[in-house]
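The next block holds one structure in the form of structure tokens; read it before the comments.
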Amino acid sequence: MDEHIYKSTELTGSSKKSIEDAIQNAIARASRTVPNMRWFEVVETRGYIEGGKVSYWQVTIKIGSTLEV
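Residue numbers (my numbering): 402 to 470.
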């Protein structure tokens with residue numbers, strides 16, 4: 402097995418639908434400019450409240466991508 406070196410990038414995604422959708426939004430956007438993404442870790446989850454209800458979710462994640470040799 403090859404040894405890998407990973408670069409970690411922190412992002413915050415948001416969604417009016419769900420926590421999972423906020424994560425997917427962050428990963429989808431990052432995939433346009435961050436090559437070789439391999440894993441993610443949820444760092445923080447929070448939401449915005451309007452009128453006594455959750456208006457949208459914000460999820461901060463770290464994305465690990467392998468560095469080119």
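The beta carbon of each residue, even a glycine, is placed where N, CA and C say it ideally should be.
For the pair ILE464 and THR410, the CB atoms are nearer than the 8 Å cut-off.
The residue from GLU404, SER456 and SER415 with its alpha-carbon nearest to that of ALA423 is SER415. TRP440 counts as exposed, since fewer than 16 other C-beta atoms from the protein chains shown sit within 10 angstroms of its C-beta.
Under DSSP, the beta-bridge partners assigned to LYS463 are GLU411 and GLU442.
DSSP places ILE428 inside the alpha helix (DSSP H), whose first and last residues are 420–431.
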